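Following: one structure in structure tokens, then a few remarks.
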Amino acid sequence: MRLDGKIALVTGGESGIGRASATAMVDEGAKVHLVGLDGDGLEQAAVELGEQRASWTVADVTDEDAVRDAIGAAVERYGRLDVVFSNAGNTGAVAPLEDYPSDEFARTLQVHALGAFHVVKHASPHLGEGASVIITSSVVGLMGFAGISGYIAAKHAQVGVMRAAAKELAPRRIRVNSLHPGPTSTAFQDSIEMRATGASQQDAAAAFDELIPLHRHATPAEIARTVLYLASDDSAFMTGATVAVDGGLTI
Ligand SMILES: NC(=O)c1ccc[n+]([C@@H]2O[C@H](COP(=O)([O-])OP(=O)(O)OC[C@H]3O[C@@H](n4cnc5c(N)ncnc54)[C@H](O)[C@@H]3O)[C@@H](O)[C@H]2O)c1
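So this is what it looks like as structure tokens:
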């Protein structure tokens with residue numbers, strides 16, 4: 000029970016890595032407040048986790064008032080926050096630089112960088128000593144990749160949000176780290192891979208497997224285990240770190 004009695008907020012909590020991490024946190028004794036865009040998905044996830052253990056709010060992380068209200072709902076219910084997992088994200092376009100729509104570039108930056116900023120900004124007053132903030136960036140927050148310039152810029156920008164917050168919150172003994180998953184089997188990643196290769200889901204995944212030294216995708220549950228590590232006191236001396244869980248893609 001590594002998170003016994005802890006209160007966690009998870010954005011993008013209704014699916015993929017967010018949902019798997021919320022499940023892992025509840026299994027380790029936490030209560031979670033899920034935030035995302037899909038009300039039905041959030042409700043279903045919360046019901047599965049159990050009404051005593053999970054609650055939810057629909058909020059677009061680019062909307063500052065909505066993020067403030069979602070965090071307010073979590074704090075009203077549970078009294079404080081111990082873990083903040085800022086994980087919501089969109090893929091943006093898949094297109095060469097010359098064709099990449101500028102409005103989509105701006106929106107993708109907003110979701111990832113401004114979104115994470117809103118979450119950290121409004122969670123901060125409710126965090127105490129020992130709290131942990133985790134921002135899901137990506138392997139492409141540490142390296143380049145052709146055809147996804149908006150997503151790459153956004154994922155690098157999240158490292159800036161993380162470092163700014165890590166420095167500023169360290170005097171309060173609050174830790175902030177970024178998580179950099181490699182390709183992980185979710186509908187989100189399928190969509191990027193199929194658009195990038197023009198191939199079927201299976202063929203696209205196989206092509207990506209070739210790029211990964213460990214020759215496979217991660218599962219969301221596997222990524223969740225690193226989220227648990229960063230959320231818990233097992234990582235008590237880690238802050239400001241960029242944590243790659245990528246099968247060696249950034250080697
Ligand atoms: N799957 C991968 O291979 C992979 C790799 C590296 C990083 N990531 C990152 O992991 C995170 C989760 O992705 P996933 O693969 O689990 O996909 P996913 O689509 O299951 O999760 C994304 C979640 O974010 C939510 N969301 C999107 N835009 C939002 C907004 N504006 N406001 C609030 N919520 C919003 C969605 O509703 C969804 O629940 C994302 O930040 C993604 O960039 C994924």
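Residues 0 to 250 (numbering that gives the first Met the number 0) are what the sequence shown spells out, left to right. Positions of the beta carbon are idealized from the N, C-alpha and C atoms, including for glycine. For clarity, every value in this text was computed on a predicted model and none was experimentally measured.
- When C-alpha distances from A29 are compared across P180, A230 and V119, the shortest belongs to A230.
- Every alpha helix (DSSP H) of 4 residues or more that sits fully in the region 112-195 is shown, in chain order, as 114-122 and 148-168.
- Look at S199 here: in three-state DSSP terms it is coil, with no helix or strand label.
- When only Cα atoms are considered, G38 and S54 end up about 11 Å apart.
- For L8 and E209, the gap between their C-alpha atoms comes out near 35 Å.
- Judged by DSSP secondary structure, S20 falls within the alpha helix (DSSP H) whose first and last residues are G15 to D26.
- Distances taken from the Cβ of E221 to the heavy atoms of ligand 1 include none shorter than 6 Å.
- Of the candidates A235, M0, T10 and K5, the residue whose Cα lies closest to the Cα of D26 is M0.
- Counting only the Cα atoms, A204 lies some 7 Å from E192.
- P124 has its CB no nearer than 6 Å to any heavy atom of ligand 1.
- Boundaries of the alpha helix (DSSP H) around A45: G38 to L48.
- In the three-state DSSP reduction, A243 falls in the strand class (E or B).
- Annotation for E13 indicates a beta carbon within 6 Å of some heavy atom of ligand 1.
- The region 78-87 makes no contact with the region 100-109: fewer than 3 CB pairs, one atom from each, lie closer than 8 Å.
- A Cβ-Cβ contact shorter than 7 Å links S177 with I134.
- For V83 against H179, the beta-carbon gap comes to about 17 Å, at or over 8 Å, which does not count as contact.
- Taking Y228 as the centre and dropping the five residues before and after it, the same chain places the C-beta of S234 closer than 6 Å to its C-beta, in chain order.
- Restricting attention to S123, A73 and S148, the CA atom closest to the CA of V93 is found in S148.
- CA-to-CA, the gap between A156 and A112 works out to about 6 Å.
- Taking each of A21, L96 and H125 in turn and checking the Cα distance to A87, the smallest one comes out for A21.
- Straight-line measurement puts the Cα of G114 at about 22 Å from the Cα of M24.
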